[in-house]
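So for the sequence shown, numbering that gives the first Met the number 0 puts the first residue at 0; every next one is plus one. This report refers to the structure that appears directly beneath it.
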Amino acid sequence: MKAVEAGAPSVGIRAANGVVLAAVKKFTSKLMDESTVTKIEQVTGGIGMVYSGLSPDYRVLVKQARKSSQAYQLAYGEHISPEQLVIRIAAVMQEYTQSGWVLCSCHFRVYIDKS
Numbered sequence: 000m001k002a003v004e005a006g007a008p009s010v011g012i013r014a015a016n017g018v019v020l021a022a023v024k025k026f027t028s029k030l031m032d033e034s035t036v037t038k039i040e041q042v043t044g045g046i047g048m049v050y051s052g053l054s055p056d057y058r059v060l061v062k063q064a065r066k067s068s069q070a071y072q073l074a075y076g077e078h079i080s081p082e083q084l085v086i087r088i089a090a091v092m093q094e095y096t097q098s099g100w101v102l103c104s105c106h107f108r109v110y111i112d113k114s
C-alpha cells in the first residue's frame, strides 16, 4: 500500500463522446527531468492507460497491453476491445503475482477498469 500512497492522483472520465485521462506529476527529486515522465500512454488508437504509483509496474503493463493488442489485431484483423484487453492484462498481473520471484519480486500495485 505504500506504493499507492506514494503516487500522485490520476483519473479517467468517460463521457458519451469521448474520454478524458488526467494525472498529477509528483517529483521526489530535483534531479528528475520532468519532460521525461509520462503518466498517460496510448496503447492503441482508441485505448489509453494512466497510472498512480510505481512507474516500473506501469511500464511492464503498458508493454504487455501493446503486445496483446498487436497480437489480437494480427490474429483477428480487428482492434481489440477494452474489455478483452483488461482480461488479458489481468491475466498477466495474475501470472506475475503467482510466479513470485521468478518473474517479479513484488506484486503489481495497480487497478484496472474496462469502462
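Each residue gets a CB set at the ideal place from its N, CA and C atoms; glycine is no exception.
Of the other Cβ atoms in all chains shown, fewer than 16 fall within 10 Å of the Cβ of Val23; this residue is therefore exposed. Ranked by how close their Cα comes to the Cα of Ile79, the residues Gln97, Asp32, Met31, Ile46 have Ile46 in first place. By the Cβ-count criterion, Leu30 is exposed, with fewer than 16 other Cβ atoms from all chains shown falling within 10 Å of its own Cβ. Just measuring C-alpha positions, the residue of Ser28, Thr37, Ala14 sitting nearest Tyr57 is Thr37. Assigned with DSSP and collapsed to three states, Ile86 falls in helix.
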